[in-house]
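Residue numbers (our numbering), protein chains in the order written: chain H, 2 to 441; chain X, -6 to 395; chain U, 1430 to 1864. Ideal placement from N, C-alpha and C gives every residue a C-beta, glycine not left out.
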């Protein structure tokens, strides 16, 4: 992901931030480790972003691979359409999640990752079934192709908006009785609990700085875009680098950069330079589209629209609401982490959270990007929108696209809607100043 | 073409049979739950009804807690969906639309609550939608365990059942009593035995049990108490052999994938009339989800947990563990002596559609012919399907003869 | 006097509307959107300007003439003749183009076709109330085919070769903006009228004068604003482009000031808009990616049933009951339709069901946007369909209670009107600051 920004930066006058360089280096190093995994005898664990147990995987000495991230990067690199077609050829329906199809297609075509390097096959599928039913089907499908064990971690849904003791115990039991033994069996080594604690301590530090960065968007104007750039910011902490020194360094650098931006009164970075004027402050619900990420983003920054908070940047943990990994209670803390991811929240909690963002971040509006692939996000969004409008008086905008299927992204359509939406916000604002009244 | 001798069916049997099917049909078309509303009206203070969504919910807990369980499969092709559509994007299946439509209209005064079992993200989120729309009613998300170890998933499931029972007992005002739950288990064990017997009859004599009759008969359980439903099925089974129903030269088909959103009745009829005997289908899988009796002699909650963990059927909505579902699909098809399999999924149904590729592959490897089709509960066009399943049935027969 | 133009570049039709500085509507132009948005815009604009001159001419005459009953007739006849002259000049252009491109052996056939078309036009436009909204392409196309059938019966030339000439020519003609000399056309209309009725000399004097002054009037367009799906293609400044949502909201508010909800069903999309007491949009919803239930769908159904689009509504209203239709998907509708026909359902009942299905989609969109809590205005091409209006009225009443439903005769121009109003009111949205 960092690489993407770096490429963007090269095309514009934006100076390359140090944090991007760090992230780029981290990704390259991880890719190299994966590339050499088999020859160096390292074990490889495929797992999902929400509810991931990265510290545990790293503490076991194995290397994590995140099929969702491969899929989104394939989308950004225009590879996903072919992969999706390949998966549909073996019987996958047009109706289902395109992350799954992109990943299955990639696997069928030789498992060459988005960076062009062949990915090592998994030694273990760690099915963290958190906030998305499709994850289960996804790994059931992969199991048919890879001759490797799969361990299920069923993370109960926060249906009543709370984590009960029984829920927590269930997850802890599974981590202790299923996940850890499965990892140990694959690596042939006992997991060092002190190493796990050490890593969780590192997670905490990075988490503090990520939260600080995301919350800097409360300023007016905001120094960051918490969606289009936010997805880069969350990268390391939501994936292979949580619980590493690298992540701590990255987030320290990121925080320093944002502090500098604030001092120099700079707005968010865009592919075409620093945003000159913040005209609309928005909250966004739902993941972005990856196949036309730049075009999609452009519609926003062309209009001076800045995303000040988003739910998508919480799919890998709701750190801004107070959660931190706790080395004192490693398993309980991992369990809480899993259950607290955004897509594991029920609809009323999601509404509360978005309402909080709209108010706390002083948003002029909120946009729902309804993703065809993702029922976990999308089913119920229209009701959420209505509730939020009623509670806050802030109007919602609604657009539809997909994660990585270019067939479901229409620039003209989305542009039409968003521009209408922005004009509506402007008109409502202007209405206050009475310019609108013509001869009547 | 008749393979068996025709024999006259007694007029009395015909009449009794018709009466059964008619009564089932009345229930089937009563998507607005008018009968339940009428039943409640007789004693409004004491009678409570809570609906549950597909696929499986432990009705024993409802009954034991003094609440009437109502199975709901949405509105089928019986409701005009307006508000439901305003809640759901075009790429989401149809079931939640009619559920919301009915929830906001006819069901509002009839149901005290809704139980949504964990089967997919859409149904999961229906539970949240319900909470927002009906803050004063009970909405319970039944997080069925995907871990099947009794000290882990079992422990969690037990806590779920206890929690649900607490909610329901509070609603009914009935003091929790182990005997009440045990009695309910006895009734539903009997009910499931009857449904299994009916399903077995289809396998052995599919011409005695037309698919749409089987379907209506099972669906009558949506609103009936267990014993009335069981009696009805048993009566049907007794009559079935007495009717004049000669065997046709049809293909024996197993249908898989329609366990949640239901096909319209006419679709089932269409498939059958195109030359297929349905020797098995999973439309009403919840009624046979438990493949064995729950133990009637131990703690009733623990009994329901144990039977779920150890003896629930394989399904697209359950994690397969170490035995691939595709393997079990092939085994089932062979056991039911199916000539072919129809992989039939509701549009946009994640669990069903995501199983399709490996189901297809397993069937191919096993040399079992299959065909795939998609539908929605409010489907209105049957000619293309008649064409497809008719051709499929013909092809199977030719293939069998060749 | 200053004038303001609004252009609504829709997916099916392009509308232009001219208002004056008192916000009085003085001219309208309507054409089908071609692949060339620029030409469509220019054609609509030139039509709007012509119709504005005619309107101003009438206004002049209003002042000059006294007898009301005579005036009414005079305007009708002058209007009819004016439209006839426009039609004839269009036909001339088409005729020229056809003859230029026709192979030698077809030329005679073509010229006899056009002779027929011109005679037909005289007849059609003799009816002073001729429907203005039919497009030249549609009228000329069907008339040409009818005439070509006759000509080909002679055996000298084939129907296909005649139609081939037309197909080629109409594309050329449609892609150029016709130059219309208002004065010349108005004079021709006047002359034709004179021939027909021979009104009094002083009346013609007044008409003469009015034509002269209308023809030279400087219709200076002070500002124009574009809207509609194709608005991005207009060579306008950003400040001169407004979303169709805003324009429909303001246009509907102008037509019916008590409107709080606007439903627009166009060719490609459906919009449900909520506005406040000043016409400011407070919320809106558009149909999702799938264009099910839009005007296009009706067009598709009309093709499938082989009837004209305008016949759908009346046919549907003749139904004795509505069939249950499940699919508003254009892809599936055809199959479902044929299925029902084969089951022996009547066309009327099927159509009634189809209209019902469209309205159900619209109802969901209305619900998404906030419902129908007050007076309600229906705009867009589909608002002309009586069956849709009836079903909508009933369902709104059923779901929200009795609500006043407005449909303006100028309904199709709502977006263009809003755009023109934006042009006049010169609201600078760009300058609006963050609150």
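Could you tell me the alpha carbon to alpha carbon distance between residue i and residue j, rounded to whole angstroms?
i, j, result
"residue 281(H)", "residue 413(H)", "21 Å"
"residue 1473(U)", "residue 1457(U)", "8 Å"
"residue 99(H)", "residue 371(X)", "26 Å"
"residue 1729(U)", "residue 77(X)", "26 Å"
"residue 1501(U)", "residue 1684(U)", "24 Å"
"residue 427(H)", "residue 366(H)", "11 Å"
"residue 1539(U)", "residue 1600(U)", "17 Å"
"residue 1871(U)", "residue 142(H)", "The first residue shown for chain U is 1430 and the last is 1864, placing residue 1871(U) beyond what the model contains."
"residue 34(X)", "residue 345(X)", "39 Å"
"residue 242(X)", "residue 267(X)", "11 Å"
"residue 392(X)", "residue 364(X)", "14 Å"
"residue -4(X)", "residue 1764(U)", "In this prediction, residue -4(X) scores a pLDDT of 45, lower than 50, which makes its location untrustworthy; the coordinate-derived value is nonetheless stated afterwards. Cα to Cα, the separation comes out at about 37 Å."
"residue 417(H)", "residue 1715(U)", "10 Å"
"residue 1546(U)", "residue 1445(U)", "28 Å"
"residue 9(X)", "residue 71(X)", "27 Å"
"residue 24(H)", "residue 200(H)", "19 Å"
"residue 1723(U)", "residue 148(H)", "50 Å"
"residue 124(H)", "residue 40(H)", "14 Å"
"residue 264(H)", "residue 224(H)", "10 Å"
"residue 1503(U)", "residue 1640(U)", "14 Å"
Please name the residue in the options whose C-alpha comes closest to that of residue i.
i, options, result
"residue 188(X)", "209(X), 170(X), 390(X) and 151(X)", "209(X)"
"residue 184(X)", "150(X), 252(X) and 52(X)", "52(X)"
"residue 49(X)", "79(X), 82(X) and 277(X)", "277(X)"
"residue 139(X)", "131(X), 130(X), 126(X) and 113(X)", "113(X)"
"residue 47(X)", "64(X), 59(X), 40(X) and 57(X)", "64(X)"
"residue 91(H)", "382(X), 201(X), 359(X) and 349(X)", "349(X)"
"residue 1665(U)", "1803(U), 1448(U), 1452(U) and 1466(U)", "1466(U)"
"residue 341(H)", "75(H), 383(H) and 50(H)", "50(H)"
"residue 110(H)", "146(H), 384(H), 259(H) and 165(H)", "146(H)"
"residue 415(H)", "104(H), 206(H), 183(H) and 371(H)", "371(H)"
Mind checking residue i: buried by the 16 CB within 10 Å criterion, or exposed?
i, result
"residue 42(H)", "exposed"
"residue 208(H)", "buried"
"residue 31(H)", "buried"
"residue 128(X)", "exposed"
"residue 217(X)", "buried"
"residue 274(H)", "exposed"
"residue 138(H)", "buried"
Which residues mark the beginning and the end of the beta strand (DSSP E) in which residue i is found?
i, result
"residue 1697(U)", "From DSSP, residue 1697(U) is part of no beta strand (DSSP E); its letter is neither H nor E."
"residue 155(H)", "151 to 155"
"residue 1436(U)", "1432 to 1438"
"residue 367(X)", "363 to 368"
"residue 1634(U)", "Here residue 1634(U) belongs to no beta strand (DSSP E); instead the alpha helix (DSSP H) covers 1630 to 1645."
Just to confirm the assignment, what range does the alpha helix (DSSP H) spanning residue i have?
i, result
"residue 340(H)", "331 to 341"
"residue 1714(U)", "Careful: residue 1714(U) lies outside any alpha helix (DSSP H), inside the beta strand (DSSP E) at 1710 to 1715."
"residue 1778(U)", "1776 to 1798"
"residue 89(H)", "81 to 90"
Length at least 3, wholly inside the region 1538 to 1597 of chain U: the beta strand (DSSP E) runs in chain order
none
Threshold first: 4 residues or longer. Then list the alpha helix (DSSP H) segments lying entirely within the region 1454 to 1510 of chain U, N to C.
1466 to 1493
What runs of the alpha helix (DSSP H), each 4 residues or longer, lie entirely inside the region 165 to 231 of chain X?
171 to 197 and 204 to 212
Please list the segments of the beta strand (DSSP E) lying wholly inside the region 282 to 361 of chain X, counting only runs of 3 or more residues, in order along the chain.
If only uninterrupted beta strand (DSSP E) runs of at least 3 residues are considered, those enclosed by the region 282 to 361 of chain X are 333 to 339.
Residue ranges of each beta strand (DSSP E) within the region 54 to 135 of chain X, 3 or longer:
61 to 64, 106 to 110 and 131 to 135
Within the region 260 to 286 of chain H, ranges of the beta strand (DSSP E) (whole runs, at least 3 residues):
Taking 3 residues as the shortest admissible run, the region 260 to 286 of chain H contains the following complete beta strand (DSSP E) segments, listed from N- to C-terminal end: 281 to 286.
Unbroken stretches of the beta strand (DSSP E), 3 residues or longer, contained in the region 260 to 284 of chain X
269 to 274
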